[in-house]
Ligand code: ADP
Ligand code: MG
């Protein structure tokens, strides 16, 4: 390649690029070798794009060049060169592709570093910071590139990665594609050793679908593993391919390899990772399956092949039945494509159902890792039956917060005549266990699902029912249905009966309480559900559960607070004492103090107390009074 530079111009890197470079140049990252993976993957992308253009019939410079990647090493000059015959870049493309960070992964990488000083070492490899990773090993980099577009001049880009770069046009006889010359740092000489290079390529880039030559020797396997018959693929090959695809250092938990011939032909090789990739909770956009048509890559991470809730699945799909020149924009309208996508979703769900049945412990592990994303599938109405079979929750029938149960298991433990499935929401198992709403469920020995994740309530209120059984929040149940269930033994400590006369007084006390609370409550009535607590707030029949109301308020859908029914436990010691006070003086201020306190405590438990100041100052006052009485009794 004989060439000379004309009209060199200097540019500065954008601020965020400088930042990234600064980290990479000074990085002590132990697996610097991944720079080669990044360059080869860029070369492969460029070749994929070229192949795509040529199947569309675009006119292409040097159209007979073989599609390949070549790597040269020169130990004496500490020089490594990676070349490809791909799509190349024009001057503007070099500036916008190499001069800025378009890649969301890198942007996210920087954000994470800034926000929580995350261990650089751990994430460089996983994110794949792209082209710039070359500066971990290079003191100077020269890119020579020529676009596939007819008539574009060749371009040279040069930088030491410190602050700026130079761009010049090249004259002379240059082939289409890109060559990257890496002038290695003194401590990176190992990357000119043939054996070392060969090992790196085999480890990270073995499944690249274009030949990779090291010197004159072809290194990679170039096999479309997903097209091989299942029986001939070894576990190691699956693992290797998975690592190549995902950059995960662990082996996959599951391999789903399918090959369908009719009515539509396609192959798919999919994996479920052991650990969720959603490690910062941000990665929700980063999912999809690689789509191939007749072994030609059409699109990386196509999102329409997988619903978001199965986004933890990684893999590839390849079909004979899609046209090679299909454009990414019209894929969704293609009926064959849509059928393939539906089939894949069905296959994954069936696979999981089988796993849940055959290996429940393994399924529980899967659930703990990927369940949060999976639950988002509550709106996939076409697959609701399969989805339901895969849902898991903690429940009162389990001994600890880690125990999981399915909907089917829950109904297998139904009481005779039970028609509803009950659930309670709380921040932890302890919190739910303390919830007064659960007292009656404990007394009647009715199982309750324990939900800890706000999405769980969305799931259940969207599904509305399982089979014929409605989901009911413990704070919105109709107690009329509960009489048919017997109390458990423990409840049998019968309270003292109220006299006929006191019953009347109690009714008047309820009216007095309603007067005190005014229209802050819908109604005040005697509770049939409490055993240990003096009072509780419940939702009027057929309204949303309290958590759901809270979520609606948070998402601004409904700003008003739903008014509730205030239920009073007639048998509670406190209420009995209050009744005595009431009988002697129905207007006693002590009554209103206690009622306000009970009401606000109930609001607090309900999660709808906006301002706790009054509650606390009243509580302090009551504590002060009780300390007076205590010292009096003790004669101190
Ligand atoms: P990513 O590959 O994720 O886009 P990179 O930092 O690796 O991020 O590369 C940035 C961009 O530079 C690529 O998207 C591509 O447009 C361009 N590029 C890099 N290497 C090549 C190459 N060998 N041939 C053509 N374009 C390339
Ligand atoms: Mg890249």
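Residue numbers (this note's numbering): 305 to 940.
Heads up, the beta-carbon is just placed ideally off N, CA and C, and yes, glycines get one too.
Here the structure is a predicted model, which is why all the values come from computation and not from measurement.
- For residue 469, the enclosing beta strand (DSSP E) has its first and last residue at 468-476.
- Rounded to whole angstroms, the separation of the alpha carbons of residue 798 and residue 590 is 60 Å.
- Listed in chain order, the non-local C-beta contacts of residue 342 below 8 Å within the same chain comprise 432, 433, 434, 435, 437 and 438, local neighbours out to five positions each way being set aside.
- Annotation for residue 390: 347, 350, 351, 353, 354, 481 and 482 place their beta carbon closer than 7 Å to its own, counting only its chain and skipping 5 residues before and after.
- In the structure shown, the three-state DSSP call for residue 917 is helix.
- Around the CB of residue 685, fewer than 16 other CB atoms lie within 10 Å, so the residue is classed as exposed.
- Of the candidates 600, 605, 581 and 599, 605 places its Cα closest to the Cα of residue 592.
- Short note on residue 434: C-beta closer than 6 Å to some heavy atom of the ligand MG.
- Ranked by how close their Cα comes to the Cα of residue 788, the residues 747, 755 and 802 have 747 in first place.
- Bounds of the beta strand (DSSP E) holding residue 383 are 383-388.
- Counting only the Cα atoms, residue 824 lies some 13 Å from residue 844.
- If you draw a straight line from the Cα of residue 601 to the Cα of residue 658, it comes to about 31 Å.
- Its chain contains 831, 834, 837, 838, 839 and 879 as the residues whose beta carbon lies nearer than 7 Å to that of residue 873, once the 5 sequence neighbours on both sides are disregarded; these appear in chain order.
- In the three-state reduction of the DSSP assignment, residue 870 falls in the strand class, which pools E and B.
- In this structure residue 315 is in contact with residue 471, their Cβ atoms being roughly 7 Å apart against a cut-off of 8 Å.
- Beta-carbon to beta-carbon, residue 376 and residue 476 are separated by about 19 Å, too far to satisfy the 8 Å threshold.
- Sixteen is the threshold: when 16 or more other Cβ atoms of the shown chains lie within 10 Å of the Cβ of residue 508, as they do, the residue is buried.
- With a threshold of 6 Å, the Cβ atom of residue 365 does not count as near the ligand ADP, since no heavy atom of the ligand is closer than that.
- When only Cα atoms are considered, residue 445 and residue 322 end up about 15 Å apart.
- Taking one beta carbon from each stretch, the segment 755-763 and the segment 920-929 have fewer than 3 pairs nearer than 8 Å; the two do not touch.
- Beyond the five residues adjoining it in sequence on each side, residue 452 comes within less than 7 Å, by CB distance, of 354, 357, 364, 365, 391, 392 and 480 in the same chain, given in chain order.
- Comparing alpha-carbon positions, the option among 345, 625, 817 and 714 lying closest to residue 642 turns out to be 625.
- When DSSP states are grouped into helix, strand and coil, residue 592 belongs to the coil group.
- Taken through DSSP and simplified to helix, strand or coil, residue 484 comes out as strand.
- The beta carbon of residue 345 sits closer than 6 Å to at least one heavy atom of the ligand MG.
- Contact between residue 672 and residue 763 does not hold, since the beta-carbon distance rounds to 17 Å and is not under 8 Å.
- Shown here, residue 721 sits in coil according to DSSP, grouped into three states, outside any helix or strand.
- Going by DSSP, residue 754 is part of the beta strand (DSSP E) stretching over 752-755.
- DSSP places residue 329 within a helical segment (H, G or I) once states are collapsed to three.
- Remark: the C-beta of residue 390 is in contact range of the ligand ADP, defined as less than 6 Å to any heavy atom.
- Relative to the Cα of residue 630, the nearest Cα in the group 647, 650 and 597 belongs to 597.
- For the beta strand (DSSP E) assignment, the uninterrupted runs of no fewer than 3 residues enclosed by the segment 321-379 are, from N- to C-terminal side, 373-378.
- Inside the segment 483-514, DSSP marks whole alpha helix (DSSP H) runs of 4 or more residues at positions 498-509, from first to last along the chain.
- In the same chain as residue 736, and ignoring 5 residues on each side of it, the C-beta atoms closer than 7 Å to its own belong to 728, 730, 742 and 754, in chain order.
- DSSP places residue 525 outside both helix and strand once states are collapsed to three, so it counts as coil.
- Under a 10 Å Cβ-count criterion, residue 530 is classified as buried, with 16 or more other Cβ atoms of the shown protein chains found around its own Cβ.
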